[in-house]
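Only one structure is covered here, and it is reproduced in the block below.
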Amino acid sequence: MGQGASAVLLNCGKHQQQQQQQHGYIQQQQQHTFLQHQQVHQREEEGHGRRRRWQHWRQEDWHPRPLAAHAAHSPDSTTLCCAGWGSHNDEIKTSGVGGSIAGSSGDPAGPAAMSSGGELTVGGAGGGPVLTPLLNYDPECARMEAWLDEHQDFVHDYFIRKASRHMVDMWLVSHALPQNVGSGAYGGGGAGGSSGGEAGANSCGHSGQPPGSRTSSGPGAAAGRLARARSYEPLFTRSSTGAATPVRKISAHEFEKGGLVKPIVTTIDGTPTFLSPPAAAENVAILAKVRRKSRTELKGLDERQLIFELVKDICNDLDVRSLCHKILQNVSILTSADRCSLFLVQGDKESDNRCLVSTLFDVNPDSTVEEMQEKEEIRIPWGSGVVGYTAQSGAMVNIPDAYEDPRFNRNIDGKTGYKTRSMLCMPIKDSAGEVIGVAQVINKHQGQVFTASDEKVFESYLQFCGIGLRNAQLYERSQLEVKRNQVLLDLARIIFEEQSTIEQMVYRIMTHTQSLLQCERVQILLVHEASQGTFSRVFDLEVKDLQGDDAENRTSPFESRFPINIGITGHVATTGETVCIADAYQDAKFDPSVDENTGFRHRSVLCMPIKNTAGKTVGVVQLINKFDNLPFTRNDENFLEAFAIFCGMGIHNTDMYEKAITAMAKQKVTLEVLSYHATAPREDALRLMKLKIPSAQAFKLYDFKFDDFSLDDDGSLKACLRMFLDLDLIGRFHIEYEVLCRWLLSVKKNYRNVTYHNWRHAFNVAQMMFAIITTTQWWKILGELECLALLVACLCHDLDHRGTNNSFQIKASSPLAQLYTTSTMEHHHFDQSVMILNSAGNQILSNCTPDEYSRVISVLEDAILATDLAVYFRKRGGFFAMVKGKEYDFKKEENRVQLRGMMMTICDIAAITKPWVTQKQVAELVAGEFFEQGDIEKEELKITPIDMMNREKKDKLPMMQVLFIDSICLPVYEIFAELTPELKPLLEGVLENRKNWQMLANETMNKDRSSINNNNNKNNNNNSSDANTAVENAHSI
605 MGQGASAVLL NCGKHQQQQQ QQHGYIQQQQ QHTFLQHQQV HQREEEGHGR RRRWQHWRQE
665 DWHPRPLAAH AAHSPDSTTL CCAGWGSHND EIKTSGVGGS IAGSSGDPAG PAAMSSGGEL
725 TVGGAGGGPV LTPLLNYDPE CARMEAWLDE HQDFVHDYFI RKASRHMVDM WLVSHALPQN
785 VGSGAYGGGG AGGSSGGEAG ANSCGHSGQP PGSRTSSGPG AAAGRLARAR SYEPLFTRSS
845 TGAATPVRKI SAHEFEKGGL VKPIVTTIDG TPTFLSPPAA AENVAILAKV RRKSRTELKG
905 LDERQLIFEL VKDICNDLDV RSLCHKILQN VSILTSADRC SLFLVQGDKE SDNRCLVSTL
965 FDVNPDSTVE EMQEKEEIRI PWGSGVVGYT AQSGAMVNIP DAYEDPRFNR NIDGKTGYKT
1025 RSMLCMPIKD SAGEVIGVAQ VINKHQGQVF TASDEKVFES YLQFCGIGLR NAQLYERSQL
1085 EVKRNQVLLD LARIIFEEQS TIEQMVYRIM THTQSLLQCE RVQILLVHEA SQGTFSRVFD
1145 LEVKDLQGDD AENRTSPFES RFPINIGITG HVATTGETVC IADAYQDAKF DPSVDENTGF
1205 RHRSVLCMPI KNTAGKTVGV VQLINKFDNL PFTRNDENFL EAFAIFCGMG IHNTDMYEKA
1265 ITAMAKQKVT LEVLSYHATA PREDALRLMK LKIPSAQAFK LYDFKFDDFS LDDDGSLKAC
1325 LRMFLDLDLI GRFHIEYEVL CRWLLSVKKN YRNVTYHNWR HAFNVAQMMF AIITTTQWWK
1385 ILGELECLAL LVACLCHDLD HRGTNNSFQI KASSPLAQLY TTSTMEHHHF DQSVMILNSA
1445 GNQILSNCTP DEYSRVISVL EDAILATDLA VYFRKRGGFF AMVKGKEYDF KKEENRVQLR
1505 GMMMTICDIA AITKPWVTQK QVAELVAGEF FEQGDIEKEE LKITPIDMMN REKKDKLPMM
1565 QVLFIDSICL PVYEIFAELT PELKPLLEGV LENRKNWQML ANETMNKDRS SINNNNNKNN
1625 NNNSSDANTA VENAHSI
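The sequence shown begins at 605 in this note's numbering and counts up one residue at a time.
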């Protein structure tokens, strides 16, 4: 050291005591500052087109800069010990005036250079509070620093001799941080002295800058930002938005590799998929792991400690590629080898394609995982070469001179330009003793050969590596299985969200099949139903189709462009077997003529049947020529099998969808035809319009004892018109008179000619509703809309009745019972009502407002469904309790709903209130219809009908009528009589008819008793006569 240097060091001695006192505090500040730098984020400043960043010193090549110039202007400035140097003599200036932290350019410079961009300052008046000063910075120290900058050899030697273990660890920790993690605060500086990264600048809403920081500027800063932006791009590049064609970043071949496989898909056909890019935080977490010990540190350990450190280094790493890289670098340290490679076993034991794949090749201590990924993988056949022999035999191979061993492949050196001398290969085994890979180290340092000690250490370490590697592979397989399921879920979504046409569905399947399985052509051939070996349609897709100008707008595949290799596809269609051919021209089923004059050559072929849910082959899918001249593998077959299953389901569902659309169209046409024939002719309506309509009094429409036996069909229609006129429904709802006449005729026409539930029954129900509404004046409570709906409901409530009840429909499993599970006939009556109301020329509600129309239809539905006695039994309890407790308020909708429902019931069964002559005649009609249903049940359904419908039990009709009155009729009429006195005549009619039915029942019972007694007397007389005869015979003997 020269005299100048000695003087500088002596002059600085007076500061050492003060610096040592504050050394502990400085180290705490270093750690705090280091953690702050890790958490730095950057953001775009509003209103400016430039980024602000926290500038930091350069990590890779930091040299203390001369600070004398700035110190002269800042006598009160302080120093901050740099974490990059352990000594408290190595200081960074902390200025009370400046406002930035700037990294050095990395080159030695004088004081002038520092002031122009190389100074490192913290705090000040530049934009935030001033940091607390740590040490006084003396000009003498600045001179010393400048001298050290100019004598790098001395600095290096001094550091080697004086630096403590803690200093080195601190330096290694600071250098272990990646430049492109987080905000990039640890990036290298540019020519202008700026440092820090730009990546992730917008990752946070708040500013990640420290107080007082400034944005660097100048050409050097711009160049540094550009360089850093390029360096960050591979890690943080986002996937582009999707188009109509597949943009998957993975193929099925990726699932066969043993490396870092993460299927990344952006969008397909413009819709997001289940697969998404991994978050940047995952990359940060991987890179920010605890640092590994350096080679120098490891060599200072004994064998046990060394193995422990290296095993600890790999035990928590579950990423196969990263783990393999660590294993090789550690092996290099253990054996002092120049280069290492790792080959993993691929393929099953029984497979002919079993081989060894170079996960990482030619790894050296300074290489990175990213660099290794760029290298082309090498495949070594099982048992071939030194590596293949090691895997096959499971034995270690130590070769002092590679060129002297016949198993060594010299072509590898020719390709790489690297000369192999010594070589040590050893198998990696799992816990079960199975070979899962081979580790290979080449060229021990200083030209030596690998010794027995190297073999021992190598073997000990690889035992742990085998377990760790197996765990990593199992973890990776589980992750790949998750990704595989995501791919299939993605496919299922894509297939089943669009099933409008077979062409669209097949096109989606083909595009995704081609993208995942990476082949040149995809064909889907639909089997002809009449002949299993021929095809009705052939869809094809070529990889070039996805790159054309119309690719984004295409929604259907091409058809029949290429010749069909009927030898392979026909075989698959007829046998249902999967065919996988590595070389088409070597297979007898392939017809070479399909390639003639086409400019295309078949190489590998994978063909599989497509089956529907019943297991019937409905098509064939064929993949031709896997990319990179590779054969289709078992993995491809697994994927294609899943695709074929989804494809079969998709084709079947689409076929069913198309058939359903066709059936709906036919149904629509049928409904139009039926509607035409179900609608009364206009001529009949015009004739009815001309008829004179008598008054309600003339028809006795207000009378509860009304009967229609004296009226003909025209009379019933005129009576209906009178009801609409007297309730002023025609004028209120602007119903055209011709439309009303035609609607009434259409309703009458749609009643079948059954014994009781016919047009006359509907007319009688409507008359009773009219009489109740007018007599009680409940039209004031219900309003005109509900009165219209109730009158329409009464006339339509049994439309298209077949003379059988709901129970019969269920027993017979009729189409109506399949269509409506509850209130079967009532739902059908309502649907028929709506159909007629919507038929041309019958739209009596056409002049209602939308709200009025909806309200009428809603009340109409509730009213018709209320005629189901099952609904009556379910709802009458609440209505009875409401009336008996005087808790009703018919201004409330819920109370009016109950009232309307019960009104429909008393109108529907109102025949029980009529005079005895009418009642008895109607009861016989009802019984006749019931007996007809009973006859059908016995003859067609082969079941015994209930007594009410059993013709053989017709003598029990009076007693059944009494039970009907007691259980159904009497309770509801009693409630209505309690609700309003105007309806007491109905109750009186029920009681009178019950008395008459009871009398008939008693007479029937008396007749039965007399008949029984007569039979008994006759039997007794017969028995006496027999006894006398027996006595006389005995005497004669």
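Cβ coordinates follow ideal geometry from the N, Cα and C atoms, glycine included. Predicted model, so just to flag it, every value in this text is computed and none were measured.
Do you know whose CA, among 1192, 1249, 1066, lies nearest residue 1219's CA?
-> 1249
From residue 748 to residue 760, what distance separates their C-alpha atoms?
-> 15 Å
Per DSSP, cross-strand counterpart(s) of residue 1184 = 1210
Opposing strand residues paired with residue 1139 [DSSP bridges] | 1131
Among 1189, 1340, 928, 994, the one whose alpha carbon lies nearest that of residue 566 = Only positions 605 to 1641 of the chain appear in this structure, which leaves residue 566 out of reach.
Can you give the Cα-Cα distance for residue 1289 and residue 1251, rounded to whole angstroms?
-> 57 Å
Return the CA-CA distance between residue 1119 and residue 989, expressed in angstroms with no decimal places.
-> 36 Å
Would you mind stating whether residue 1582 and residue 1359 have Cβ atoms separated by less than 8 Å?
-> no
Can you tell me which of 1175, 1201, 1200 puts its alpha carbon nearest to the alpha carbon of residue 1192?
-> 1175
When DSSP labels each residue in this structure, what does residue 1297 get in the three-state scheme?
-> coil
For residue 1033, which of 949, 1006, 1012 has the nearest alpha-carbon?
-> 949
How many Å lie between residue 1466 and residue 1506 at the Cα?
-> 11 Å
Drop a sphere of 10 angstroms on the beta-carbon of residue 1065, count the other beta-carbons inside from all chains shown, and report buried for 16 or more, exposed for fewer.
-> buried
Is it buried or exposed for residue 1277, if we count other Cβ within 10 angstroms and need 16 for buried?
-> exposed
DSSP on residue 1170, reduced to helix/strand/coil?
-> helix
Locate the beta strand (DSSP E) running through residue 965, then write down its first and last residues.
-> 959-967
Between the stretch 1563-1577 and the stretch 1466-1486, are three or more C-beta pairs nearer than 8 Å?
-> yes
Have a look at residue 690 and residue 762 and give me their C-alpha separation to the nearest angstrom.
-> Residue placement at residue 690 cannot be trusted, given a pLDDT of 37 that sits under 50; what the coordinates show is reported in the next sentence. So the two alpha carbons sit approximately 12 Å from each other.
Residue 1387: first and last residue of the uninterrupted alpha helix (DSSP H) it sits in | 1383-1400
Apart from the five residues just before and just after residue 1480, which ones in its own chain have a Cβ nearer than 6 Å to its Cβ?
-> none
Among 755, 1178, 938, 956, which one has its Cα closest to the Cα of residue 1057?
-> 938
In three-state DSSP terms, what is residue 1033?
-> strand
The beta strand (DSSP E) enclosing residue 1452, as first and last residue numbers = No beta strand (DSSP E) contains residue 1452, which DSSP labels as neither H nor E.
Going by Cα to Cα distance, which pick from 1473, 1545, 1597 is closest to residue 1417?
-> 1545
Output yes or no for whether 8 Å exceeds the beta carbon distance between residue 1383 and residue 1331.
-> yes
With 16 as the cutoff for other CB atoms within 10 Å, does residue 1019 come out buried or exposed?
-> exposed
Quick one, are the C-beta atoms of residue 1128 and residue 1225 less than 8 Å apart?
-> yes
Taking the continuous beta strand (DSSP E) assigned at residue 556, which residues delimit it?
-> What is shown of the chain runs 605 to 1641, which leaves residue 556 out entirely.
Who are the Cβ neighbours of residue 1001 in its own chain at under 7 Å, not counting the five residues just before and after it?
-> 990, 993, 994, 1029
Applying the criterion that 16 or more other CB atoms from any shown protein chain within 10 Å of the CB defines a buried residue, is residue 1559 buried or exposed?
-> exposed
Check whether the Cβ atoms of residue 1508 and residue 1471 sit closer than 8 Å, and answer yes or no.
-> yes
Measure the alpha-carbon distance for residue 1197 versus residue 1243 and round it to whole angstroms.
-> 30 Å
Three-state class that DSSP yields for residue 1643 in the structure shown = Only positions 605 to 1641 of the chain appear in the structure, and residue 1643 is not among them; the question remains open.
Buried or exposed by the 16-neighbour rule on C-beta atoms within 10 Å, applied to residue 1116 | buried
From 1564, 936, 1584, 1615, pick the residue whose C-alpha is nearest to that of residue 1598; which is it?
-> 1564
Taking residue 1308 as the reference, which of 936, 979, 1519 has the closest Cα?
-> 1519
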